[in-house]
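Protein chains in written order, with this note's numbering: chain A, 1 to 541; chain B, 1001 to 1309.
Shown next, in the form of structure tokens:
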């Protein structure tokens, strides 16, 4: 009996815990009359960057968010996907979009006082293109004339500078491309196109530990695996002057730990709430929860090099797509935090068109069955979807599979691979058995980035071995267009063409799901899922 | 005694070589190219991949890589990470003191509270306290560690606000108390149970009856006669546990955001940073070997009948 007494006590403790959780959160409001402190520091849940902080060597999120706070590039884009000018006064193409003339706004300086000139750009790009300097992003310069001489795929480099880059005067330089690209200005948004001060090229290692940029924030310190601090810089000439005094990027090992801190106002925001909290983060944060569009698309793609799909009738592929009940899965598995996709281009980019995929992306069990039958059926009547098991993909893969099997009778199983590194290796080696999970976040907000870079014959991003002459011709035509708008329109035609060949099944558009603490107001994220830190305001303590 | 220690130390050499070789091979068998993985889901740049592999010596045959690695290790050079090209020794130097502190705190907690509970329960076998300890340890052993971690974080961090939900500074002992408590809970339960059984058993022994008959004070009977003879299984457990606490704190370190060895190992595994994994495990193997040597030597102290030639 004595043991039973203790057991009762334990049971009570459990109940206390449950009620404690239920009570938590959702007490926002009464922030309206609090004063804003311009000297306030924003803290942001981040992680340890993979590499030293060099713009041309940073591609993962932890480093990128810091680099983007320290630098301002030539151009950026607004919410509609149109180009805005930052450090550049103008970026103008010639009539073939082949030679681009960049004029800089005069008077800009780096944090160390050095002037930002045409040379700061040209030297930085030439240095980063040289493979000897080991910069991961060097492939971004490959459209420029003379890139192959500096960065050959194999063997030694012949030259140290790209012939396509020419300094005209202190504030002007030209970029000559191998062939015309009407939307080239969008690429210039990306980090490898930031300028570097001359000291950075003299001692890159030292610079990588304490970067000097030209952006709204100035680097203060990097306490490895703990904290990176940047502070608002007085000398900043850009339009996006910080409304706070600085940002502390705190390093977290796990998003769940960051979330626990966010709930207690120990950190002010985080990139995306952990999967385990998606069902309840809106309840936890009330109107401080963030749910925004994010230009990323989830798909399931076919491995066209397999026997199963080699000579397949597209009707079968369309049928499989129609057999997936996207809306229900978004509601149940993702708790309404994703939106059913209607095409191969994500929302929020230039040239996005609604309903490009048409009826083939809408759930219709009857039509699905008929279409697969008309196309001669799925070879083997069995498909599998490869995914990486280190991320929470299993639930939706099972749901998609069930949906397909219920609607069409085609057997469908998940094919889990231990983690992302192993998953990409299998894709690169072209050893996927049937189909694979895929996803794409925009590099730049232009529809061509979701089309030519993924489904063009032989391009790096095309992991499924898809090839269609007609599509290639259309994208080529789009690349030869005179203006960005024309190009986007021609790319829309190319997207429409994908309906007939069906290289992959569009599933959902992602969203940025985040929240912010009681210490700050106005936290927003852009289309690429990055926080707009300069706009965040901190309340007085 | 001296010869015994020398022999044990010499035995460490083959164990050391064997474990490092095994781990080195195992990491290499894992699918996934660590250099290509730097590019995430974007297509890697072949020229750059070749350059990085050449710089790090990853293009050499495996046996050469191993010899290079061991050669460096003997001179105290643990190599460089693939991502970021940072010296691995720095990473180890940063992570180990944190984990050591956490492990020692958890271990002390296990030792003091565990043995105390075990002794009290063992002496009063079948009474209220004994039942309470049995029940408590059953609960701790059966509930997964992350449940306790998240539960304590929620109660003490988010609800009561006594501590910050995660550790803000991994070198601050005060902040490490809560994670150390969570980390030590399971070990504490085992220590309490081991002690209890051992004490309960030895209480019936002849030498105990003799000691009581001699009229020795109770305190002396318990500490000198009973406890000393009952500690051998407990010491064995505690000895190996210090190594386990250091390397196996992945979950606790993750929940409380402690930048220790568990976290370093976990990240390195995800990024296929073979050199980091081997380096960390090498140090952990040394910790295990030394701890087990100390345990064996302690046997002789506890029970003079055990002697080493």
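Even glycine gets a Cβ: it sits at the ideal position worked out from N, Cα and C.
Every value quoted in this text rests on a predicted model; they were computed, and no experiment measured them.
Apply the 10 Å Cβ neighbour rule to residue i and answer buried if 16 or more other Cβ atoms are within range, or exposed otherwise.
| i | result |
| --- | --- |
| residue 22 of chain A | Only weak support exists for where residue 22 of chain A lies, its pLDDT of 38 falling under 50; the coordinates are left without a value. |
| residue 1074 of chain B | exposed |
| residue 1304 of chain B | exposed |
| residue 53 of chain A | buried |
| residue 29 of chain A | Summary for residue 29 of chain A: the model assigns pLDDT 48, below 50, so the residue's position carries little reliability; its value from the coordinates is reported in the next sentence. Looking at its Cβ environment, which holds fewer than 16 other Cβ atoms inside 10 Å, residue 29 of chain A is exposed. |
| residue 132 of chain A | exposed |
| residue 1054 of chain B | exposed |
| residue 25 of chain A | With a pLDDT of 39 at residue 25 of chain A, under the threshold of 50, the predicted position of this residue should be treated as unreliable, though the coordinate-derived value follows. By the 10 Å Cβ count, residue 25 of chain A comes out buried. |
| residue 1201 of chain B | exposed |
| residue 1126 of chain B | exposed |
| residue 442 of chain A | buried |
| residue 482 of chain A | exposed |
| residue 629 of chain A | Past the boundaries of the shown model lies residue 629 of chain A; chain A is included only from 1 to 541, so the question cannot be answered. |
| residue 27 of chain A | Here the model assigns residue 27 of chain A a pLDDT of 42, short of 50, so the residue's position is not dependable, and the following value carries that caveat. Answer is exposed; the Cβ neighbour count stays below 16. |
| residue 253 of chain A | buried |
| residue 536 of chain A | buried |
| residue 163 of chain A | exposed |
| residue 86 of chain A | buried |
| residue 381 of chain A | exposed |
| residue 229 of chain A | buried |
| residue 495 of chain A | buried |
If you follow the alpha helix (DSSP H) that residue i is in, where does it begin and where does it stop?
| i | result |
| --- | --- |
| residue 1252 of chain B | 1250 to 1256 |
| residue 223 of chain A | First-last for residue 223 of chain A: 217 to 223, but that is the beta strand (DSSP E), not the alpha helix (DSSP H). |
| residue 1237 of chain B | 1232 to 1247 |
| residue 1053 of chain B | 1046 to 1056 |
| residue 1288 of chain B | 1274 to 1302 |
| residue 89 of chain A | From DSSP, residue 89 of chain A is part of no alpha helix (DSSP H) but of the beta strand (DSSP E) over 88 to 93. |
| residue 402 of chain A | 394 to 408 |
| residue 1063 of chain B | 1062 to 1074 |
| residue 263 of chain A | 255 to 263 |
| residue 187 of chain A | 184 to 187 |
Could you please give the first and the last residue of the uninterrupted beta strand (DSSP E) stretch that includes residue i?
| i | result |
| --- | --- |
| residue 232 of chain A | 227 to 232 |
| residue 299 of chain A | 289 to 302 |
| residue 369 of chain A | That residue, residue 369 of chain A, is in no beta strand (DSSP E); its alpha helix (DSSP H) goes 365 to 374. |
| residue 523 of chain A | Unbroken run through residue 523 of chain A: none, as it is neither H nor E. |
| residue 415 of chain A | 411 to 417 |
| residue 318 of chain A | Residue 318 of chain A -> not in any beta strand (DSSP E); alpha helix (DSSP H) instead, spanning 314 to 322. |
| residue 44 of chain A | 41 to 46 |
| residue 251 of chain A | 246 to 251 |
Please confirm whether any heavy atom of the ligand GDP lies closer than 8 Å to the CB of residue i.
| i | result |
| --- | --- |
| residue 336 of chain A | In terms of ligand content, the structure shown is empty, and the ligand GDP therefore cannot be addressed. |
message = My parser needs the beta strand (DSSP E) runs of 3 or more residues fully inside the stretch 434 to 475 of chain A; what are they?
response = 435 to 441
Against chain B: residues of the stretch 319 to 352 of chain A by CB proximity under 7 Å = none
Cβ contact check for the stretch 319 to 330 of chain A and the stretch 464 to 475 of chain A: 3 or more pairs under 8 Å = As far as the Cβ criterion goes, the stretch 319 to 330 of chain A does not touch the stretch 464 to 475 of chain A, which means the pair count is below three.
request  = May I ask you to verify whether the stretch 1154 to 1168 of chain B touches the stretch 1073 to 1093 of chain B, counting CB pairs closer than 8 Å and requiring at least 3?
outcome  = no
query = Counting Cβ pairs, one atom from each stretch, are 3 or more of them under 8 Å apart for the stretch 1037 to 1053 of chain B and the stretch 151 to 162 of chain A?
reply = yes
inquiry  = So if I threshold CB-CB distances at 8 Å, which residues from the stretch 145 to 156 of chain A count as touching chain B?
reply    = 151, 152, 153 and 154
request  = Please list the residues of the stretch 1048 to 1069 of chain B that have a C-beta atom closer than 8 Å to any C-beta atom in chain A, keeping them in chain order.
outcome  = 1048, 1050, 1051, 1052 and 1055
ask   = In the stretch 1135 to 1153 of chain B, which residues sit with their C-beta less than 9 Å from some C-beta in chain A, listed in chain order?
value = 1135, 1136, 1139, 1150, 1151 and 1153
Three CB pairs or more closer than 8 Å across the stretch 1188 to 1197 of chain B and the stretch 1106 to 1114 of chain B = yes
task = Check each residue of the stretch 400 to 425 of chain A: if its Cβ is closer than 9 Å to any Cβ of chain B, include it; give the result in chain order.
result = Residues 417, 418, 419, 420, 421, 422, 423, 424 and 425.
query = Does the count of Cβ pairs from the stretch 413 to 425 of chain A and the stretch 1035 to 1044 of chain B closer than 8 Å reach three?
reply = yes
message = Does the structure place the stretch 181 to 192 of chain A close enough to the stretch 440 to 456 of chain A that three or more beta carbon pairs sit under 8 Å?
response = yes
ask   = Are the stretch 1176 to 1186 of chain B and the stretch 1131 to 1146 of chain B touching by the rule of at least three beta carbon pairs closer than 8 Å?
value = These segments touch.
query = the stretch 54 to 65 of chain A: which residues have C-beta closer than 8 Å to a C-beta of chain B, in chain order?
reply = 59 and 60
key: Cβ pair count under 8 Å reaching 3, the stretch 218 to 229 of chain A against the stretch 505 to 525 of chain A   = no
Runs of alpha helix (DSSP H) lying entirely within the stretch 107 to 181 of chain A, each at least 4 residues, in chain order = 118 to 129 and 147 to 150
key: Residues of the stretch 260 to 271 of chain A with Cβ closer than 8 Å to any Cβ of chain B, in chain order   = Here the close residues are 260, 261, 263, 264 and 266.
Secondary structure, alpha helix (DSSP H): runs of 4+ residues fully inside the stretch 1177 to 1239 of chain B = Every alpha helix (DSSP H) of 4 residues or more that sits fully in the stretch 1177 to 1239 of chain B is shown, in chain order, as 1206 to 1214.
Secondary structure, alpha helix (DSSP H): runs of 4+ residues fully inside the stretch 1103 to 1173 of chain B = 1115 to 1123, 1128 to 1142 and 1145 to 1152
inquiry  = Between the stretch 1020 to 1035 of chain B and the stretch 326 to 338 of chain A, can you find at least three pairs of beta-carbon atoms closer than 8 Å?
reply    = no
query = Is the stretch 274 to 292 of chain A touching the stretch 72 to 79 of chain A, taking contact as three or more C-beta pairs under 8 Å?
reply = In the pairwise beta carbon analysis, the stretch 274 to 292 of chain A is classified as not touching the stretch 72 to 79 of chain A: fewer than three pairs are separated by under 8 Å.
inquiry  = When you compare the stretch 242 to 249 of chain A with the stretch 41 to 50 of chain A, are there three or more beta-carbon pairs, one atom per stretch, that lie closer than 8 Å?
reply    = yes
inquiry  = Quick check on the DSSP output: what are the complete alpha helix (DSSP H) runs of length 4 or more inside the stretch 478 to 537 of chain A, in order along the chain?
reply    = Counting only runs of 4 or more, we get 484 to 501.
ask   = For the stretch 287 to 305 of chain A against the stretch 333 to 349 of chain A, are there 3 or more C-beta pairs whose distance is under 8 Å?
value = yes
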